[in-house]
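K.L.:
For reference, the structure I am asking about is given below.
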Amino acid sequence: MEQQYPSRLLEKAVGEFAKLPGVGRKTALRLVLHLLRQDAGDVEAFTEAISKMKHEIKHCCVCHNISDTDVCPICADGRRDVSTICVVENIQDVMAVENTQQFHGLYHVLGGIISPMDGIGPGDIEIDSLVERVGRGDVKEVILALSSTMEGDTTNFYISRKLAQFNVKLSIIARGISVGDELEYTDEVTLGRSILNRVPFEKNN
0 MEQQYPSRLL
10 EKAVGEFAKL
20 PGVGRKTALR
30 LVLHLLRQDA
40 GDVEAFTEAI
50 SKMKHEIKHC
60 CVCHNISDTD
70 VCPICADGRR
80 DVSTICVVEN
90 IQDVMAVENT
100 QQFHGLYHVL
110 GGIISPMDGI
120 GPGDIEIDSL
130 VERVGRGDVK
140 EVILALSSTM
150 EGDTTNFYIS
160 RKLAQFNVKL
170 SIIARGISVG
180 DELEYTDEVT
190 LGRSILNRVP
200 FEKNN
């Protein structure tokens, strides 16, 4: 039976919250009613934060991580090792690796992985810009830190072919992470060890 709402405004707000991943209409209703009970100032601060994030947040022109500035704080940090790039699928993975405090190089966020079933090809993610970065000659090692799924392995292989023309060490994180696991859900200790114990990519093919 379809839920009946006493207000069309309430129903519309519930419908918008229900578009969020993992949020059903019952959870959406609880969230909306919670906001409805808050002070007007708190709700306005909430909506302003969402609006400013959407309109003002940037993507780093170097690594494609999200940032408040054109170059993200990681890329702008002169203490980072510019000769090592860790390639990850998404922004959550940057956060996961940073939380290990075991990696001190730079990142490259692909914005996805190759997945023909989902219509995502090499041209849909940031592989060409990675090749350009490596081609400048400052990079000595590229660490492939993608999820250990079929799509992740396919993307690793494609990147390895694209970077074969350069004199750069290609590594892959150690398989302390179970096959099929997403990087962002891996505990920090396991992920940190997987980065420290990375192995040459060729040994995994």
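Using numbering that gives the first Met the number 0, the letters of the sequence shown map in sequence onto residues 0 to 204. A virtual CB, placed ideally from N, CA and C, is assigned to each residue, including glycine.
Just to confirm before moving on: does the CB-CB distance between residue 165 and residue 198 stay below 7 angstroms?
P.N.:
Walking along the sequence shown from the start, residue 165 turns up at place 166. Walking along the sequence shown from the start, residue 198 turns up at place 199. No, these two residues do not count as a Cβ contact at 7 angstroms.
K.L.:
Using a Cβ-Cβ cutoff of less than 6 angstroms, which residues in the same chain neighbour residue 153 once the five nearest sequence positions on both sides are dropped?
P.N.:
Stepping through the sequence shown from its first residue, residue 153 is reached at position 154. Counting only Cβ-Cβ distances below 6 angstroms, and skipping sequence neighbours, we find 113.
K.L.:
Taking 7 angstroms as the cut-off, decide whether the C-beta atoms of residue 60 and residue 106 are in contact.
P.N.:
Position 61 of the sequence shown, counting from 1, holds the residue named residue 60. Position 107 of the sequence shown, counting from 1, holds the residue named residue 106. No, Cβ-Cβ distance for residue 60 and residue 106 is not below 7 angstroms.
K.L.:
What residue range does the beta strand (DSSP E) around residue 141 cover?
P.N.:
For the purposes of this step, residue 141 is taken as the residue at position 142 of the sequence shown. Segment 140-143, the beta strand (DSSP E) holding residue 141.
K.L.:
Contact between the region 76-90 and the region 33-51 is defined here as three or more beta-carbon pairs at a separation below 8 angstroms; is this criterion met?
P.N.:
No, the region 76-90 does not touch the region 33-51.
K.L.:
Let me know if residue 88 comes out buried or exposed under the rule of 16 or more other beta-carbons within 10 Å of its beta-carbon.
P.N.:
The residue labelled residue 88 in the question sits at position 89 within the sequence shown. Buried is the call here.
K.L.:
Under 8 angstroms by Cβ, that's how I've got residue 169 and residue 159 pegged, so tell me the actual separation to the nearest angstrom.
P.N.:
What you label residue 169 is simply residue 170 of the sequence shown in a count that begins at 1. What you label residue 159 is simply residue 160 of the sequence shown in a count that begins at 1. With a Cβ gap of about 6 angstroms, residue 169 and residue 159 count as contacting.
K.L.:
Helix or strand or just coil, what does DSSP make of residue 180?
P.N.:
Taking the sequence shown and counting its residues from 1, one reaches residue 180 at position 181. With a pLDDT of only 49 at residue 180, under 50, the local geometry of the prediction cannot be trusted, and the value read off the model is given with reservation. If DSSP states are grouped into helix, strand and coil, residue 180 belongs with coil.
K.L.:
Helix, strand or coil for residue 106, going by three-state DSSP, please let me know.
P.N.:
Indexing the sequence shown from 1 puts residue 106 at position 107. Residue 106: strand per DSSP, three-state reduction.
K.L.:
Starting from the C-beta of residue 22, find all residues in its chain whose C-beta is less than 8 angstroms away, skip the five residues before and the five after it, and write them out in chain order.
P.N.:
Numbered from its first residue, the sequence shown carries residue 22 at position 23. Cβ neighbours of residue 22 beyond the five flanking positions: 16, 30.
K.L.:
Select from 162, 191, 70 the residue whose C-alpha is nearest the C-alpha of residue 173.
P.N.:
Your numbering for residue 173 matches position 174 in the sequence shown. Nearest of 162, 191, 70 to residue 173, Cα basis: 191.
K.L.:
From residue 2 to residue 32, what distance separates their C-alpha atoms?
P.N.:
For this step, residue 2 is matched to residue 3 along the sequence shown. For this step, residue 32 is matched to residue 33 along the sequence shown. Cα to Cα, the separation comes out at about 15 angstroms.
K.L.:
Pick from 25, 151, 139: whose alpha carbon is nearest that of residue 120?
P.N.:
Taking the sequence shown and counting its residues from 1, one reaches residue 120 at position 121. Ranking 25, 151, 139 by Cα distance to residue 120 puts 151 first.
K.L.:
For residue 98, count neighbouring Cβ atoms within 10 angstroms of its own Cβ and tell me buried if that reaches 16, exposed if not.
P.N.:
Position 99 of the sequence shown holds residue 98. Exposed: under 16 other Cβ atoms inside 10 Å.
K.L.:
Taking all protein chains shown into account, do 16 or more other C-beta atoms lie within 10 angstroms of the C-beta of residue 76, making it buried, or fewer, making it exposed?
P.N.:
Against the sequence shown, residue 76 aligns to sequence position 77. Its Cβ having fewer than 16 others within 10 Å, residue 76 is exposed.
K.L.:
Which first and last residues belong to the beta strand (DSSP E) in which residue 114 is found?
P.N.:
For this step, residue 114 is matched to residue 115 along the sequence shown. Counting along the chain, residue 114 falls outside any beta strand (DSSP E), and DSSP gives it neither H nor E.
K.L.:
Can you give me the Cβ contacts of residue 177 inside the same chain, cut-off strictly under 8 angstroms, excluding the 5 residues immediately before and after it?
P.N.:
For the purposes of this step, residue 177 is taken as residue 178 along the sequence shown, with counting starting at 1. Legend: pLDDT at residue 177 = 47, less than 50; position of this residue unreliable, no value from coordinates given.
K.L.:
Please classify residue 50: does DSSP put it in a helix, a strand, or coil?
P.N.:
Walking along the sequence shown from the start, residue 50 turns up at place 51. In this structure, residue 50 counts as helix in the three-state DSSP scheme.
K.L.:
Are the Cβ atoms of residue 13 and residue 27 separated by less than 7 angstroms?
P.N.:
On the sequence shown, residue 13 is found 14 positions in, with the first residue counted as 1. On the sequence shown, residue 27 is found 28 positions in, with the first residue counted as 1. The answer is yes: Cβ separation under 7 angstroms.
K.L.:
Around the Cβ of residue 204, are there at least 16 other Cβ atoms within 10 angstroms (buried) or fewer (exposed)?
P.N.:
Taking the first residue of the sequence shown as 1, we reach residue 204 at position 205. Note on residue 204: pLDDT 48, under 50, position unreliable in the model; no value is reported.
K.L.:
Can you give the Cα-Cα distance for residue 24 and residue 49, rounded to whole angstroms?
P.N.:
Residue mapping note: residue 24 aligns to position 25 of the sequence shown, counting from 1. Residue mapping note: residue 49 aligns to position 50 of the sequence shown, counting from 1. Straight-line Cα distance between these residues: approximately 20 angstroms.
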